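J.:
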Amino acid sequence: MRKTSYVVTFLVTLVILVLNVLSAERPDWIVINEPEVIDGVKTTIRYGLMERCQRNIVEDGRFKYVDYKCRPFPMRVMDRCEQENRNFCTAFTSARYAAELGIGFASVALVALLIGVSTHSRRRRIWRAVAGLVALHATFQLIAFVLITEVYHRHLYAPFDHAQLSAGYYMNAVSWILGMLIAGGVVTTGISADRGHAWAAGNRAYRPISG
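If you use mature numbering (1 follows the signal peptide of the UniProt record, and there is no 0), the sequence shown corresponds to residues -24 to -1, 1 to 187, in order.
1. Using only alpha-carbon positions, find the residue among T115, I79, S94, V122 that is nearest to L(-11).
2. Helix or strand or just coil, what does DSSP make of I21?
3. Under the DSSP definition of a beta bridge, which residues are partnered with L141?
4. Tell me, please, which residues DSSP counts as bridged to R47.
5. Between the C-alpha atoms of L(-3) and T66, what's the straight-line distance to the nearest angstrom?
6. Would you mind stating whether F121 and N148 have Cβ atoms separated by less than 8 Å?
7. Have a look at E138 and T125 and give me their C-alpha separation to the nearest angstrom.
8. Does DSSP put Y41 in a helix, a strand or coil?
9. In the structure shown, what three-state DSSP assignment does V(-7) receive?
10. Is it buried or exposed for F64, if we count other Cβ within 10 angstroms and need 16 for buried?
11. Please confirm whether D4 and R22 have their CB atoms less than 8 Å apart.
12. Using the Cα positions of residue 260 and A111, report the straight-line distance between them to the nearest angstrom.
13. Would you mind reading off the limits of the alpha helix (DSSP H) that contains L118?
14. Which same chain residues, not among the five before or five after P184, have their C-beta less than 6 Å away from its C-beta?
15. In this structure, how does DSSP classify I91 when only helix, strand and coil are distinguished?
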């Protein structure tokens, strides 16, 4: 494969990794804007893969008070993970682990790209490993996406009945879609390079010796 192809793959994979890290850490995969029970009191609850954050805003025209607190989520006792919310907690925790594994595979893919691009012989071979690592990254991000989607649409957690999907969720979607596309692109380019196509292999394309 051309060195240019690896550079493009590296840059896109780096973008994917950044998206993964940001989405995994953001506490806004699912957001609840609670109705105002008391005039001037607004409550917003945000759920991420790692924490739950609640913001309370109290206004009476003359002053404004804001209270913002976060805690790990889900918690075994507070979120009743051993009782009626067992399936929900299992799915939510599994989504977090899947996202973390995806981040790990994307990181290893970047290292493989840095090592593989150093010589022509390595560039001819490393594309298979890169494609596999990026595909694994995208697969685990997709698993996290599917689990959160299932939790949300099946109403496995009562507070989510009036919730909305938000930024962290959609950032995850962009990351695994890009991952699938880049993995497919690497496979296509790698196979074409192995077959001697100049657009994929460059000026030093491999051609079998005819005898």
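Virtual Cβ for every residue (Gly too), placed ideally from N, Cα, C.
The structure displayed is predicted, hence computed values, not measured ones.
T.: Once the coordinates are examined:
1. When T115, I79, S94, V122 are compared, the shortest CA-CA separation from L(-11) is found for I79.
2. Strand at I21.
3. BP columns for L141 point to I6.
4. Per DSSP, R28.
5. The straight-line gap separating the alpha-carbon atoms of L(-3) and T66 is approximately 22 Å.
6. Pairing F121 with N148 gives a Cβ-Cβ distance under 8 Å.
7. The sequence given here has His at residue 138, not Glu. Here the alpha carbon of H138 sits roughly 14 Å from the alpha carbon of T125.
8. Three-state DSSP puts Y41 in a strand.
9. In the structure shown, V(-7) falls within a helical segment according to DSSP collapsed to helix, strand and coil.
10. The residue is buried, with at least 16 neighbouring Cβ atoms inside 10 Å.
11. Yes. Within cutoff.
12. Absent from the model: residue 260. The displayed extent of the chain is -24 to 187, so no value can be given.
13. In the DSSP assignment, L118 falls within the unbroken alpha helix (DSSP H) covering 103 to 129.
14. Per-residue confidence for P184 stands at a pLDDT of 49, beneath the threshold of 50, marking its modelled position as unreliable; the derived number appears in the next sentence. Excluding residues within five positions, none has a Cβ falling inside 6 Å.
15. In this structure, I91 counts as helix in the three-state DSSP scheme.
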